[in-house]
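J.: Heads up, the sequence shown is in this note's numbering, so the first residue is 874 and it goes up one at a time. Glycine included, each C-beta is placed from N, C-alpha and C at the ideal position.
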Amino acid sequence: MYTNEEIRYKYMKYAKLIDQYEKLPEQLFFRKRRQRLLQHASGDVLEVAVGTGRNLSYYSQGCTITGLDYSPEMLNEAMQKTDARHQPIRLIQGNAESLPFEPNAFDTVVSTLATCTFPNPIQALKEMQRVCKPDGRILLFEHGRSRWPILGRIQDNRAERNADIVGCYWNRLPLKLVQASGIQIQSVKSSYGDFLVEIIGQPGRSV
Ligand SMILES: C[S@@+](CC[C@H](N)C(=O)[O-])C[C@H]1O[C@@H](n2cnc3c(N)ncnc32)[C@H](O)[C@@H]1O
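1. How far does the alpha helix (DSSP H) with GLN893 in it extend, from its first residue to its last?
2. Could you pull out every unbroken beta strand (DSSP E) segment of at least 3 residues lying fully inside the region 948-1015, listed in chain order?
3. For LYS999, count the other beta carbons within 10 Å of its own beta carbon; 16 or more makes it buried, fewer makes it exposed. Which is it?
4. When the distance is taken between beta carbons, is LEU948 closer than 8 Å to ILE938?
5. Tell me whether GLU1000, by its Cβ, gets closer than 7 Å to a heavy atom of ligand 1.
6. Write down the C-beta distance between GLY967 and LEU941 rounded to the nearest angstrom, noting that I regard them as a contact closer than 8 Å.
7. Between which two residues does the beta strand (DSSP E) containing GLY940 stretch?
8. Is ILE1027 near GLN1075, with beta carbons less than 8 Å apart?
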């Protein structure tokens, strides 16, 4: 497991290349799922681990967006995507596991392709619940270990190597993590045996 500082260092090296490296999976697998999920975002939106800002163009113009990431270099890349939008976007450096916001601050909390990277994903998911209004929405799009045997085994075999590059453990089980965090799940869309999952939820009652 890598610490936040080690992950930050990895993304420092990777920030300028990641959009290019992931162009194909973005086009084939991610784009339409981001679009489908983010149509449910409204009001004051917090995007946790905003990365290079690949979701930014999918929010409706009515949303006010705050993007947070641990990596200043990733935020720099995201900043370059903000010009295309009419409304200002606030970008903040911070830690998903201790979000610098008051409880119930946001109508929608979003995180995509990031529970694989957080050193303590359950703590990050609890923080998302804390800062989301009780009747707000939590929107997650994640990748995880596939139940398809061959794909799952390939993921297990390459997990350490993959994590070594960007700190991403692609054989975690995001749905189980979300359940363990206490998020009340309202809908799940799964593809390729849970390799990709889109989750719509609300903060759990005990948070
Ligand atoms: C694979 S990228 C995903 C970026 C973006 N969400 C997307 O969908 O393209 C993972 C991101 O998580 C960020 N990250 C990792 N650990 C973090 C933490 N503890 N707090 C905030 N951001 C973190 C990394 O800096 C990186 O930008």
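T.: In short:
1. By 1-based counting over the sequence shown, the position of residue 893 is 20. Here the alpha helix (DSSP H) through GLN893 covers 891-894.
2. 962-966, 979-985
3. Here residue 999 refers to the residue found at position 126 when the sequence shown is read from its first residue. Buried.
4. Within the sequence shown, numbered from 1, the residue matching residue 938 stands at position 65. Within the sequence shown, numbered from 1, the residue matching residue 948 stands at position 75. Contact: no.
5. Walking along the sequence shown from the start, residue 1000 turns up at place 127. Checking the Cβ of GLU1000 against ligand 1 gives no.
6. By one-based count along the sequence shown, residue 967 stands at place 94. By one-based count along the sequence shown, residue 941 stands at place 68. GLY967 to LEU941, Cβ: 5 Å. Contact.
7. Sequence index remark: in the sequence shown, residue 940 carries index 67 (1-based). Start and end: 937-942.
8. Here the question's residue 1027 lines up with position 154 in the sequence shown. Here the question's residue 1075 lines up with position 202 in the sequence shown. No, these two residues do not count as a Cβ contact at 8 Å.
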